[in-house]
Every structure is written in C-alpha cells, then in structure tokens.
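Participant:
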Amino acid sequence: MDYEDNLEAPVWDELNHEEDITQSVIPNPIESVHEASAHEEEEKKDIVETKAPFTDENSLAVAPKWEEPGSPMADNSLVEEEEFHDNSKSDALINSLAPEQDPISDLNNNSTQFSAKQSNDALFTGNANSPLVFDDTIYDTNTSLNSSSKSISGRRSGKPRILFDSARAQRSSKRNHSLKTKSTIAFNDAIKTPFTDPLKKAEKENEFVEEPLNDEEERRGSNEATIIACAKKNILEQVDRPLYNLPQKNINTASPIKVEANSEMVKKTKKESKVLSTEKPVAFNVEVKDPVKVGELTSIHVEYTVISESPLLELKYAQVSRRYRDFRWLYRQLQNNHWGRVIPPPPEKQSVGSFKQDFIENRRFQMDTMLKKICQDSVLQKDKDFLLFLTSDDFGSESKRRAFLTGSGAINDSNDLSEIRISEIQLLGAEDAADVLRNGGIDAESHKGFMNISFSSLPRYNETDEFFIEKKQKMDELEDNLKRMGKSLEMVDTSRNSLAASTEEFSSTLETLASLNISESNSELLNNFADVHKSIKSSLERSSLQETLTMGVMLDEYIRSLASVKAIFNQRAKLGYFLVVLENDKNKKHSQLEKLGQDVHSEKFKEIKTEFLTLERRHNLTRTHWQEIGERIKNEFESFSIDKIREFRNGMEISLEAAIESQKECIELWETFYQTNL
Amino acid sequence: MASAVPYDPYDDLDNNPFAEPHEDSEPVATNTDDSSYIAKEQTTSEGAAVVDRGNNTADISQEDSGREDRAAQSKTSNEQNSNNLSVQPPQNVILPERNDEKRKYSLLVKTTGLERFGSITGKKENPAIIFDCSTNLPTFRKQQYKNVKKSYEEFHQLFKYLNVAIQESFVPTLPPAYTTFGINSEEDRSKITRNFQLWFNRISQDPLIIRNEEVAFFIESDFNTYSPINKSKSLASGLKRKTLKQLAPPYDEVTELAEFRPLVKSIYVVSQNLQEKLLKVSRNRKMMVQEENAFGQDFVNLDEHNKLYKRYGRILTAVGDIDSIIATMDMATLYDGLEWVVRDAYVVKEALTNRHFVMRSLIQAQQNSKTKQEQARRFRSRRDINPMKIDEALRQLKMATKKEQVLTLKLQRITSNMIIERRQWINWYEEWIRNSIKQFTLRKIEYERKKLTLLERVRSDIRKADENGGLSRLGRNAVSVKSTDTSQTTKGDSWTGENNRKSQIPINKIAHTEFDDELVTEDDGSVSQEFDTASLNARHAASLLGMSNK
C-alpha cells in the first residue's frame with residue numbers, strides 16, 4: 001500500500017505544506033530541550049519516539065491501514081478511532097512538555113492535574129479530527145503558554161515576549177489569534193470546573209508557564225545548568241510575585257463568582273492584546289437617508305439614498321440609491337464571503353404595510369445601523385461586495401453577476417435571516433464546484449449510486465463540540481426570551497398609549513366641568529388640573545416613544561443579530577453535514593477501491609482512484625473549512641456576546657435614565673400644581 | 001299632630017317659634033286634603049303667634065313690617081298668582097329656625113370609629129359608625145351620648161326620611177359606605193369615619209334638619225333598631241314624578257334657583273362622566289401595570305445567572321406595582337370624592353324638582369281658589385239662593401284660600417331656605433372637589449416619588465456594570481456610582497432650583513416603598529455578593545455580566 005501513501009502525499013501538500021514544515025520544525029528543538037532536561041530520560045525518549053510515527057501518519061493523511069480494523073463504512077467508529085489516537089497523541093505531547101515543569105513540581109503539585117485536564121478538554125478532542133491536530137495541539141499549548149505568560153510577564157518585562165514573537169514571526173497573525181482565544185477558552189473551561197481553588201491553580205499554572213519561555217531563552221547554553229538556573233530564577237520570581245498577585249488570590253478564595261470574574265479579567269487582558277494587534281478599522285462614514293417611493297403599481301418600492309465617505313473608496317465619496325432587496329443581497333453576500341462571521345443584519349422582511357411612514361423610517365434606521373456596523377468592522381469594511389454596494393451605478397446587474405460568481409444565492413433572498421446557503425464555489429473552488437453543481441450538489445452525489453433512492457439512512461451530522469450544542473441551546477433560549485420581552489414591551493407600549501388617550505379624555509371632561517363656571521376659583525383649579533393631566537399625557541407618550549426607540553430598537557436589533565449568529569452556526573452545521581456526506585462517499589469509494597485492489601492497472605481502478613482522490617480532496621477542504629469556521633465562530637461568538645451585552649446594558653441604562661427623567665418631570669408637574677393651586 | 005305634643009312645653013318655655021316647622025312639615029309631607037286642612041287651621045291660628053314670637057327676638061320694626069307683609073301677602077295672594085313671590089316677607093318670619101343667630105341649639109357629633117361585621121356584603125355595604133354626640137336640642141332627652149353605634153342602613157333610613165320630610169333643605173347625602181382602598185385597610189376606615197364626620201357637620205349646620213325630631217329618635221334608638229317613626233311621603237314618586245318632570249318648569253321668579261337646577265344637573269352629568277373617564281384611566285393603568293410586570297418578569301427570566309437583569313427586572317416589576325397603587329389611589333381619592341358629588345348633586349337636583357312641584361301645586365291652588373271665588377260671587381248676584389249651596393261654596397272658598405296660603409308659605413320657606421343652602425352647597429362642592437384633588441395630588445406625588453426612588457436604586461447597579469458605557473459616553477459622569485445617591489433629599493429635589501426643605505419624615509416615607517422587602521428578600525444573598533465585588537472593582541461587575549450571560 002505504499003504507493004497509495006505516495007499518491008496521497010501531494011494532495012496533502014497542496015493543502016498546507018508550508019505550515020506543516022514550519023510546524024514540524026518548531027516542536028523539535030523544544031523536544032530536544034525536554035529530552036535534555038528530563039529527569040526520566042527513557043520515558044521521554046519513548047514519547048518522542050511514539051510521536052514521530054504519528055507525525056508521519058498525519059502527513060500521509062489517513063492511511064487505509066487504519067481503517068481496516070473497524071468497519072470501513074462506519075464513519076463514526078473511524079472518527080472515534082482517530083479521536084483515540086489523537087487523544088493519546090495530545091497526552092503524549094503534554095507529557096513531553098510536562099518535564100519542563102518538573103524542576104519546580106515540588107513547589108506545586110497541581111501542575112500535573114492541570115495538564116491532565118487540558119488533555120481531556122473538549123476543545124482538543126474537537127480538533128483531534130483534523131489532520132492538523134498535531135500542530136494545533138503543540139501550538140495550542142505553546143500559545144497558551146505564550147499568551148498567558150504575556151499577560152503576566154508583559155507587565156514586568158518585555159524580554160520573553162520579544163523572544164517569543166521572533167520565534168513565531170513566520171506564522172500568520174490571524175491564525176495565532178484564533179488559537180490564542182481558543183486556548184483562552186480552554187483555560188476558562190479548566191478554571192470553571194469546580195475545584196477547590198481553581199484560580200489559584202490557574203495562577204500557579206501561569207507562573208510555571210513562564211518558565212519554559214525563560215528556558216527557551218537560555219536553552220542555547222548548557223541544558224542542565226540552565227534549568228537549575230531557571231528553577232532558581234523561578235523561585236526568586238515567586239518570591240517577588242505575591243507583591244502584585246496577592247490581591248487577586250484573595251479574591252479567588254472569596255467566592256466562585258469572583259474566580260469567574262478573574263478569569264474573565266485574564267481573558268480581557270488577552271483580548272485587549274489581541275485587539276491591539278489587529279488593525280484598526282479605517283474611518284468610514286455611511287448614511288442611509290431620504291426614502292423615496294419609486295415605481296408604479298407592481299414595481300412600486302422604496303429607494304433609500306446611501307451616502308458613504310471613506311479613504312477606502314476610490315473617489316472618497318459615493319452616493320447611490322438602494323432598495324431593501326439590495327440590503328438583503330449585501331447581507332447574504334457578506335455572509336457568503338466571510339463564513340463564521342456575524343454579519344450585521346438587515347431589517348426583517350415585511351410585506352404588509354411597508355409603505356407607512358413610520359415603518360419606512362424604522363426600516364431606514366435599521367439599515368443605517370446595519371451599514372454603520374459593517375463600516376466599523378475592519379474586515380467587513382474592506383469587503384469587495386460591500387464597496388460594490390456603496391459605489392456601483394449599475395447595481396442590478398453587477399450584484400447578479402457577483403452573486404452568480406460566488407454562488408452565494410444572494411439574489412432575491414427572502415429566507416429567514418438565520419437560514420444560510422453554503423456556496424460550493426467558496427467551499428471547493430470554482431472548477432470543482434462546477435463539477436459538483438452539475439451533479440446536483442454535494443449531498444446529491446451521495447445518492448447517485450442508488451438511483452436516487454437511499455437505502456441507508458440519510459447521513460446525519462452530529463455536532464461533536466460541546467460548545468456549539470450548548471451555545472445553540474442557549475441562543476434559542478435567549479431568542480425566545482428576547483422575543484417574549486419584545487412582545488411585552490410592545491404591550492406595555494400599547495397600554496401606555498391607551499392610558500395616555502384615556503388621560504386626555506379625562507382631562508377634557510375636567511375642562512367641561514370647569515366650563516360650568518360654578519365659581520371662578522373652582523374653574524381655575526379644574527382647568528389647571530386638566531392641564532396637568534394633559535402634560536402627563538404628553539409625557540407618557542414621549543416616554544413610550546423613548547422606550548420604543550431605545551429598548552424596542554435594541555431588542556429588535558438583538559433578535560435579528562441572533563438570527564445572524566444562528567446563521568453562522570448553521571453554516572457550521574451545514575459544512576459538518578457536507579463533511580459527513582463526503583466522508584460517507586469517500587468511504588464507499590474506498591471500499592470499492594479495496595475490492596478492486598488486485599488489479600491495480602485496470603481502467604476501472606484508475607477511474608475510481610481519481611474519484612476517490614477528488615472526494616478526498618473535497619473532504620479535506622470541507623474539513624478545513626469546517627474547522628476554521630468552528631474556530632471563528634467561537635471567536636466571533638464571544639466578542640458578539642460581549643458587544644451585545646454591552647449594548648443591552650447601555651439600552652437599559654438609557655431607558656432607565658429616560659424613565660427617571662420623565663419621573664422627575666411628573667413629580668415636578670404635580671408639585672407645581674400642588675403649590676400653585678392647593 | 002301627635003308630634004306636636006312633646007315639644008309643647010318647650011314652646012312655652014323658650015318662647016321660640018321652633019314648633020312651627022314641625023307642624024308645618026307634617027301636613028306638607030302628607031299633602032292630603034284632610035291633613036292640610038287641619039294644618040292650615042293650625043298655621044292660620046298660630047301664624048300671628050309666630051310673628052309675635054319672632055318679634056320677641058327681633059326688632060320692633062321688623063315686627064311691623066312682618067305683620068304688614070303678612071297681611072298684604074294674604075290679601076294679594078287672593079288676587080294675583082305670582083305676586084306672592086315678589087313680595088318676600090323677611091327671612092326670620094318665614095324661616096324662624098334661621099333666625100337663631102346665637103346658635104342656641106346645636107348638635108355636635110364626633111365620629112370615633114367604624115365597624116365592619118357580618119357577611120361579606122354586609123361588611124362592605126353596611127358598616128356601623130360609632131360616634132359621640134352632645135347637644136342642647138329640646139328634642140333630645142339627654143345632652144350627652146357616648147359611643148352611639150348606628151349601621152349604615154339606619155343612616156340611610158334617616159336620610160330617606162329627612163330628604164322627603166324637609167323639602168326646604170338640600171339634605172346632604174350619605175358618603176359611600178366603602179372606599180376603593182378596600183374595606184380591610186386602615187385607610188378605608190379613617191376615610192369613612194372622616195366622611196361621616198363631614199356628613200354630621202353638614203347636618204348639624206342645617207337648623208332645619210337638627211330640629212327634626214327624627215334626628216333625636218335616630219340617635220336615641222338602639223343599634224340596628226331605628227326606623228323612621230313619622231311617616232313621610234314624597235310629593236310625587238314613580239311614574240307620576242316622571243311624567244311631571246317632563247313638563248316645562250313653571251316660571252321661576254328667583255333667577256338664582258331657576259339657574260341652579262340646570263347647573264346642578266350638569267354637575268351631576270359631568271361628574272358621572274368624569275368618574276367614568278377616571279375609571280377608564282385607572283383600568284388602563286392597571287392594564288399597563290400587568291404589562292409592566294410581565295416585562296419586568298421577562299427581564300428576570302432573561303438570564304437565570306445574571307443578577308443585574310434580575311435586579312432590573314424586579315425593579316421594573318416593583319415600579320409596575322407602584323403604578324397599580326397609583327391607580328387605586330386615583331380611584332380612592334378622586335373617584336370616591338366624585339361619587340359623593342354625584343349623589344349629592346342628584347339629591348339637590350331632585351329637591352329643586354320638588355320645589356317646582358310645589359310651585360305648580362301652588363298655581364293650581366291659586367286657580368282653584370279663584371274659581372271658588374267666582375262661584376261665591378255668582379251666588380251673591382243670584383236671587384234664589386239655596387242656603388245649603390251658599391254654605392258649601394263658602395266652605396270651599398275658605399278651604400281653597402287656606403290651601404293656597406299654606407302652599408304660598410311653604411314655597412316661600414323653600415325658596416328662601418334654598419337660596420341660603422345653594423350658596424352653602426356650592427361652597428361645599430368647591431371645598432370637597434378641592435379636597436379630593438388635593439388628596440389625589442398628594443398621593444400622586446408620594447407614589448411618583450417612590451417610583452423615582454426605586455428607579456434610582458437600580459441606576460448605580462447598571463452604572464457599575466460598565467463604567468465606560470451608556471450615558472457616560474454622553475458625558476454624563478455626574479451620576480455618582482454610589483448606590484445611596486438619590487435626587488430626593490431633605491435639601492429638596494436635586495433637579496429643581498427651588499429649595500423647599502423638607503423634614504426627614506416624608507423623605508423616609510418616600511425612600512421606602514412597599515416592595516422593599518420583596519426586593520431584598522428575593523436577592524439578599526446575591527446582593528451582598530454583588531456588592532462585594534462591585535466595591536472591590538467596578539470592572540468586575542462588567543466581567544460578571546459578560547461572564548454569566550454566555
């Protein structure tokens with residue numbers, strides 16, 4: 001079967017060969033250090049030895065040999081198998097890294113516990129499926145070490161950080177970030193698990209984490225000596241540490257919530273460092289205004305003027321007119337271009353009463369918000385389609401062309417905001433996608449051999465990552481709650497308005513009573529009383545409007561954003577589904593290949609071989625995408641939640657302040673009335 | 001006439017024309033030919049005596065004029081129908097009770113308590129009012145009465161009797177038996193007690209009413225045993241009254257009263273309308289409360305781990321509850337206040353209608369006496385006269401004249417008394433409306449302030465969550481982070497320039513709402529925790545918030 005591996009190799013190289021090399025380069029020096037520094041050298045060697053074959057296997061991708069023990073058709077068992085291997089792999093990895101901590105393990109007995117935890121973490125197993133696993137795990141541990149040490153050592157001295165950065169210079173910064181946040185999550189997961197004193201442990205971990213870097217720094221010298229020196233240094237550092245670490249530790253012991261808060265702090269600092277490194281969005285001004293009714297009878301619609309101003313635009317300034325449909329197009333197009341990114345959502349479709357003035361104004365406002373948000377995103381603002389949207393004079397045809405080119409299905413989209421479409425073009429590249437589309441899409445291919453009748457149960461995608469299952473459920477819950485809130489807010493609004501109306505009636509009846517002129521003072525009193533009620537009424541109306549403008553708009557925005565978030569979750573699910581389908585197909589092909597294994601030179605074999613390879617390629621591509629999207633979603637989701645919560649809190653504050661103000665006004669009205677009349 | 005017996009001795013002793021109304025009111029009430037005839041005899045016989053007695057207390061000049069007027073009036077009444085009103089005898093003659101400047105007779109009542117007992121409806125509709133009474137009226141056997149207990153039903157009986165029996169007065173209606181506060185509340189108790197005190201005050205201001213012996217019977221009778229001893233019948237009731245009301249009101253010389261009825265009617269109608277509208281406002285407010293509560297609840301449910309949302313939601317709910325209290329207070333102050341106005345306006349209106357009836361029957365009586373006179377004149381011109389017939393005609397003429405005289409006098413009494421009472425009633429109305437509005441406003445201020453307190457209480461929590469968010473972006477850093485910071489202090493309201501200092505008591509009242517316990521007990525644990533973290537670092541709250549939500 002050797003030739004198979006040889007054949008596969010180029011496919012794999014195509015994907016990310018360069019990365020592979022760099023990644024495999026880096027672990028080695030570390031390992032050598034480990035070996036040298038290890039107390040139990042034999043053990044170490046074993047680990048390194050076991051590691052080596054794994055690396056090989058990985059670079060060769062999935063070898064048929066592996067699959068033979070299990071049933072080749074059952075992909076689940078396969079996955080499990082892989083997982084198993086990967087687990088052991090990561091275990092081995094961590095063990096190999098662990099010795100670095102050994103010199104000071106007598107100072108801390110938690111470290112092993114922690115590393116064990118890490119190896120069991122869901123995140124790692126989630127990644128385990130990928131061919132990149134090996135590198136990832138190494139990166140992961142490394143970056144986690146790095147980032148956490150950064151957060152601490154960054155304050156003290158820039159030295160280890162600089163060293164680290166130079167070592168990582170070849171890597172793309174983007175990748176680094178995603179990994180970093182992932183490790184952050186891992187950290188938090190580890191911290192969140194109920195331990196007697198989880199944060200202290202985490203703190204300790206941080207302390208140790210720093211050590212390897214120092215180690216790295218000095219490992220060019222003699223190994224044993226450096227390690228001892230390091231240990232000494234570390235002890236010294238620990239002596240210093242309490243000076244600034246103590247307050248946090250105190251907090252940790254107080255309550256579990258605080259631990260959470262603290263870890264949140266850690267996360268924050270990391271986030272900040274990340275934000276610093278990402279490029280700042282370019283100044284971008286966008287405005288949606290002047291809705292105008294255009295067309296007659298059947299083609300009647302509202303057009304909005306979109307004015308934009310930015311150095312990113314060719315002419316620095318653009319003014320175009322767009323309709324609602326175009327905003328939908330933009331949403332879909334951006335969604336397609338940036339998988340796993342939360343796209344600021346357009347307003348929901350509404351067919352009835354879409355020409356009422358306040359509806360149009362509301363929609364204009366929502367679209368304005370959407371564009372403004374896109375502008376504030378450093379990635380989205382540079383999107384070609386976004387710029388096209390802002391500048392194109394012949395938007396109708398150009399948008400169609402773009403939608404066709406990207407296969408985004410963005411034209412005449414009227415689906416729910418959370419529904420998505422995965423473009424085969426984006427997924428597999430133009431030529432292959434054309435092939436796939438000719439055959440009726442990715443999932444159609446799975447049934448091809450069965451005359452479109454599937455005997456086996458339809459392949460189903462089961463989300464493996466806890467994160468997504470949990471978040472999805474939470475999101476559904478949140479959406480329900482928000483919708484309910486939106487409804488009750490509406491009800492509050494209606495009842496407040498009817499209260500205002502009846503207050504006005506009351507006030508006018510009071511005036512009637514006053515007009516009876518029973519006596520002058522009485523009439524005056526009643527008239528003033530009526531006036532107060534009128535003021536109260538207008539105050540009520542104002543506060544009701546205010547509430548709709550703050551809370552209402554915010555809730556609406558939140559709900560639509562959730563739909564957008566759901567969309568990216570769906571993207572992952574869809575990709576996962578494709579993955580399963582492709583894996584199924586691939587396995588089928590593989591078993592066919594097995595059967596034909598005897599006459600390697602027959603035409604049939606070659607044909608199936610190429611088919612298998614295409615599927616393999618598709619599978620790998622999908623898997624990469626699937627993983628990337630997973631990473632990005634986690635990343636996005638976190639910042640999304642924080643943003644949203646901030647926004648929500650702001651909305652709460654504004655509406656509370658408004659309520660307080662109107663309350664003051666109300667009191668003032670009554671006080672004045674009381675003082676002047678009673 | 002049985003009623004005349006008990007106060008005869010007083011009559012002699014006091015030499016006061018106090019007996020007059022009693023004798024007068026009796027026949028008026030019955031209004032049958034028989035009794036009116038007898039009554040007429042009485043009045044005519046005692047008429048002079050009344051004048052004399054009246055003169056004993058009044059000036060000599062008045063005595064003369066009174067006598068002249070009276071004579072003139074009796075003469076003219078035979079000739080002209082409407083003349084009687086133009087020539088008004090002085091008030092002290094027609095209304096001797098009003099003549100009592102030194103307030104010789106007084107009735108002082110002090111309500112001390114309220115008791116609700118019996119079945120649920122009984123509790124609500126028929127409370128017992130307890131009061132002390134001191135008086136020097138001759139109709140009473142004692143001067144002091146302690147802890148008199150009377151049920152609402154008995155009060156109602158008395159009112160019904162008085163309303164019919166004393167046509168000269170606008171008899172004050174009873175205040176409602178219960179308030180919107182709810183029958184079990186302390187506020188309801190004090191309010192009802194106060195209202196009855198007000199009612200007694202109004203009753204005792206009216207000399208005609210306190211001199212009525214039924215008042216004495218009422219107070220002297222045992223609890224739950226009173227029913228009117230004298231029987232009275234209204235001028236017209238039921239269908240007859242309805243039909244009579246359809247007729248155009250007779251010409252009224254006294255413009256004050258002629259205009260008063262439509263005015264009172266408008267007050268009655270508009271007040272009812274106002275009540276309706278207020279009820280609607282109140283209902284709408286309660287609806288809003290429901291929605292507010294639901295909204296608050298949604299906030300609480302939004303995220304089970306998020307204390308800020310919970311707290312905010314709970315505050316919103318509490319604010320809603322305060323709104324509900326406001327709705328109740330609106331009803332209890334203004335609606336109940338208007339209720340009394342409506343009832344009273346109705347009685348006043350009907351009393352004025354009765355006056356119209358009296359006017360009309362006077363016109364009839366005048367016509368009647370005129371025809372009788374004509375008859376008598378015809379007899380005189382004829383030769384062949386049957387003495388029997390002459391006797392009969394003379395008797396009839398005499399009767400008709402006397403009836404006319406009685407009615408004239410009665411109308412005069414009614415008119416002059418109503419002119420006085422009209423002013424009083426308008427004053428009462430003004431005062432009462434003013435008072436109701438005042439109560440309304442005070443309650444409103446109190447609860448709106450409580451609402452503000454509640455809202456401000458959560459403000460710092462929200463601010464703590466993110467010190468760089470929200471209004472701070474608008475440069476509103478002035479709002480301090482301290483949770484104790486409120487805009488309502490003893491130094492006055494922070495948002496006004498006016499500096500009307502308040503004492504600590506109302507501030508304390510405002511600063512604590514009915515829902516404080518609820519708010520504290522429900523999240524006592526979390527609050528302290530939250531407070532700890534917040535005090536350590538305001539930023540923790542933000543991270544807390546971010547952490548616990550997702």
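Protein chains in written order, with the UniProt record's numbering: chain B, 1 to 678; chain X, 1 to 550.
The beta-carbon is built from N, C-alpha and C at its ideal position, and this holds for glycine as well.
#1: Rounded to a whole number of angstroms, what is the C-alpha to C-alpha distance between X:T111 and X:Q197?
#2: Flag X:A534 as yes if its beta-carbon sits less than 8 Å from any beta-carbon of chain B, otherwise no.
#3: Output the residue ranges of the beta strand (DSSP E) runs that lie fully inside the region 481-565 of chain B and measure 3 residues or longer, sorted by chain position.
#4: Between which residues of its own chain and X:S361 is the CB-CB distance below 7 Å, once the five residues before and five after are set aside?
#5: Measuring CA to CA, which of X:A216, X:L235, X:S234 is closest to X:Y226?
#6: Which residues, in chain order, does the region 510-523 of chain B contribute to contact with chain X at a C-beta distance below 8 Å?
#7: Pairs of beta-carbons, one from the region 274-287 of chain X and one from the region 374-382 of chain X, closer than 8 Å: are there three or more?
#8: Please check if any C-beta of chain X sits within less than 8 Å of the C-beta of B:N58.
#9: Can you find a CB in chain C that lies within less than 8 Å of the CB of X:Y346?
#10: What in chain X is Cβ-close to B:I667, meaning under 7 Å?
#11: Excluding the five sequence neighbours on either side, which residues of its own chain have a C-beta within less than 8 Å of the C-beta of B:S508, listed in chain order?
#12: Return the chain-ordered list of same chain residues with a C-beta closer than 6 Å to the C-beta of X:R422, the five sequence neighbours on each side being excluded.
#13: Is there a Cβ from chain B that is less than 8 Å from the Cβ of X:M287?
#14: Hey, could you find the ends of the alpha helix (DSSP H) X:G113 is sitting in?
#15: Please state whether DSSP places B:I300 in a helix, a strand or coil.
#16: Using a Cβ cut-off of 8 Å, pull out every chain X residue sitting near B:M370, in sequence order please.
#17: Could you name the residues of chain X that B:V492 contacts, counting a contact when the two beta carbons are closer than 7 Å?
#18: So, at 8 Å on beta carbons, what are the nonlocal neighbours of B:A658 in its own chain, with the 5 sequence-adjacent residues on each side left out?
#19: With X:I203 and X:I210 assumed to form a contact (beta carbons below 8 Å), what rounded beta-carbon distance in angstroms separates them?
#20: Looking at B:S308 and B:N285, is the spacing between their C-beta atoms short of 8 Å?
#21: Note the first and the last residue of the continuous alpha helix (DSSP H) segment covering B:A403.
#22: Taking three-plus beta-carbon pairs below 8 Å as touching, is the region 483-494 of chain B in contact with the region 624-644 of chain B?
#23: Okay, do the region 291-307 of chain X and the region 512-520 of chain B touch, 3+ Cβ pairs below 8 Å being the bar?
#24: Quick one: list the residues of chain X neighbouring B:Q663, beta-carbon separation under 7 Å, in chain order.
#25: Answer with buried or exposed for X:R141, where buried requires no fewer than 16 other C-beta atoms within 10 angstroms of its C-beta.
#26: With a threshold of 16 other CB atoms inside 10 Å of the CB of X:Q144, please say whether the residue is buried or exposed.
#27: Tell me which residues share the same chain as X:R189 and place their Cβ nearer than 6 Å to its Cβ, disregarding the 5 neighbours each side in the sequence.
#28: Output the boundary residues of the beta strand (DSSP E) element that contains B:K289.
#29: If you measure from the beta carbon of X:V458 to each beta carbon in chain B, is any gap under 8 Å?
#30: Compute the distance between the beta-carbons of X:I325 and X:L454, then report whether it is under 8 Å.
#31: Any C-beta of chain B sitting closer than 8 Å to the C-beta of X:V406?
#32: With a cut-off of 8 Å, do at least 3 Cβ pairs link the region 390-406 of chain B to the region 328-345 of chain B?
#33: Is it true that the CB of X:V164 sits closer than 8 Å to the CB of X:K265?
#34: Can you tell which of B:E557, B:L540, B:L482, B:K644 has its C-alpha closest to the C-alpha of B:D368?
#35: Where does B:P99 land, buried or exposed, given buried means 16+ other C-beta within 10 angstroms?
#36: Look at the alpha carbon of X:R413 and the alpha carbon of X:I419, and state the distance between them as a whole number of angstroms.
Facilitator: For this structure:
#1: Start at 1 with the first residue of the second sequence, and residue 111 of chain X comes out as number 111. Start at 1 with the first residue of the second sequence, and residue 197 of chain X comes out as number 197. Straight-line measurement puts the Cα of X:Q197 at about 6 Å from the Cα of X:T111.
#2: Within the second sequence, the letter at position 534 stands for residue 534 of chain X. Its pLDDT being 35, under 50, X:A534 is placed unreliably in this model, and the coordinates cannot settle the point.
#3: List check, beta strand (DSSP E) in window: nothing returned.
#4: Translated into positions along the second sequence, residue 361 of chain X becomes position 361. Cβ neighbours of X:S361 beyond the five flanking positions: L407.
#5: As a position in the second sequence, residue 226 of chain X is number 226, starting the count at 1. Looking at the Cα atoms, X:A216 is the closest of the given residues.
#6: Answer set for the region 510-523 of chain B: L510, T512, L513, L516, I518, S519, S521, N522.
#7: The region 274-287 of chain X, when compared against the region 374-382 of chain X, does not touch it at the 8 Å Cβ threshold.
#8: Taking the first residue of the first sequence as position 1, residue 58 of chain B is located at position 58. Because B:N58 sits at a pLDDT of 43, beneath the cut-off of 50, its placement in the model cannot be relied upon, and the point is left open.
#9: Protein chains B and X are contained in the structure displayed, whereas chain C is not.
#10: By one-based count along the first sequence, residue 667 of chain B stands at place 667. The answer, in chain order, is I445, E448, R449, L452.
#11: Stepping through the first sequence from its first residue, residue 508 of chain B is reached at position 508. The residues are A530.
#12: Here residue 422 of chain X corresponds to residue number 422 of the second sequence, with the count starting at 1. Around X:R422, the same chain offers F260 as residues with beta carbons nearer than 6 Å, after the five sequence neighbours per side are excluded.
#13: The residue you call residue 287 of chain X lines up with position 287 of the second sequence. At least one CB of chain B lies nearer than 8 Å to the CB of X:M287.
#14: Counted from its first residue, the second sequence places residue 113 of chain X at position 113. Taken as a continuous stretch (DSSP letters only), X:G113 belongs to no alpha helix (DSSP H), being part of the beta strand (DSSP E) at 107-115.
#15: Within the first sequence, numbered from 1, the residue matching residue 300 of chain B stands at position 300. Coil.
#16: To locate residue 370 of chain B, count along the first sequence from 1; it is residue 370. Using a Cβ-Cβ cut-off of 8 Å, B:M370 is close to nothing in chain X; its nearest Cβ partner there is about 21 Å away.
#17: Here residue 492 of chain B refers to the residue found at position 492 when the first sequence is read from its first residue. What B:V492 touches in chain X, judged by beta-carbon distance under 7 Å, is M288, E291, E292, F295, going in chain order.
#18: What you label residue 658 of chain B is simply residue 658 of the first sequence in a count that begins at 1. Contacts found: S543, Q546, E547, T550.
#19: Counting from one through the second sequence, the residue named residue 203 of chain X turns up at place 203. Counting from one through the second sequence, the residue named residue 210 of chain X turns up at place 210. With a contact defined as Cβ atoms closer than 8 Å, X:I203 and X:I210 qualify at about 7 Å.
#20: Translated into the one-based positions of the first sequence, residue 285 of chain B becomes position 285. Translated into the one-based positions of the first sequence, residue 308 of chain B becomes position 308. If you check the CB distance, B:N285 and B:S308 come in under 8 Å.
#21: Numbered from 1 along the first sequence, position 403 holds the residue referred to as residue 403 of chain B. Per DSSP, B:A403 belongs to the alpha helix (DSSP H) from 395-406.
#22: No, the region 483-494 of chain B is not in contact with the region 624-644 of chain B.
#23: No: the two stretches stay apart, fewer than three of their Cβ pairs being nearer than 8 Å.
#24: By one-based count along the first sequence, residue 663 of chain B stands at place 663. Chain order gives the chain X residues near B:Q663 as E448, K451, L452, L455, where near means a beta carbon separation below 7 Å.
#25: Here residue 141 of chain X refers to the residue found at position 141 of the second sequence. The residue is exposed, with fewer than 16 neighbouring Cβ atoms inside 10 Å.
#26: Residue 144 of chain X sits at position 144 when you count from the first residue of the second sequence. Counting the other Cβ atoms within 10 Å of the Cβ of X:Q144 gives fewer than 16, which makes it exposed.
#27: Numbered from 1 along the second sequence, position 189 holds the residue referred to as residue 189 of chain X. The beta carbon of X:R189 sits closer than 6 Å to those of L114, all from its chain and outside the five residues before and after it, given in chain order.
#28: Taking the first sequence and counting its residues from 1, one reaches residue 289 of chain B at position 289. Start and end: 285-294.
#29: Along the second sequence, read from residue 1 onward, the residue named residue 458 of chain X stands at position 458. Taking Cβ atoms only, chain B reaches closer than 8 Å to X:V458, which makes this a yes.
#30: Translated into the one-based positions of the second sequence, residue 325 of chain X becomes position 325. Translated into the one-based positions of the second sequence, residue 454 of chain X becomes position 454. Between X:I325 and X:L454, the CB-CB gap reaches or exceeds 8 Å.
#31: Stepping through the second sequence from its first residue, residue 406 of chain X is reached at position 406. It does not: the Cβ of X:V406 has no partner Cβ on chain B nearer than 8 Å.
#32: The region 390-406 of chain B, when compared against the region 328-345 of chain B, does touch it at the 8 Å Cβ threshold.
#33: Residue mapping note: residue 265 of chain X aligns to position 265 of the second sequence, counting from 1. Residue mapping note: residue 164 of chain X aligns to position 164 of the second sequence, counting from 1. No.
#34: Your numbering for residue 368 of chain B matches position 368 in the first sequence. With distances taken between Cα atoms, B:D368 lies closest to B:E557.
#35: What you label residue 99 of chain B is simply residue 99 of the first sequence in a count that begins at 1. With a pLDDT of 46 at B:P99, under the threshold of 50, the modelled position of that residue is not reliable, and the figure given next carries that caveat. Classified as buried, B:P99 has 16 or more neighbouring CB atoms from the shown chains inside 10 Å of its CB.
#36: If you number the second sequence from 1, residue 413 of chain X lands on position 413. If you number the second sequence from 1, residue 419 of chain X lands on position 419. Each residue's CA atom was taken as its position, placing X:R413 and X:I419 some 10 Å apart.
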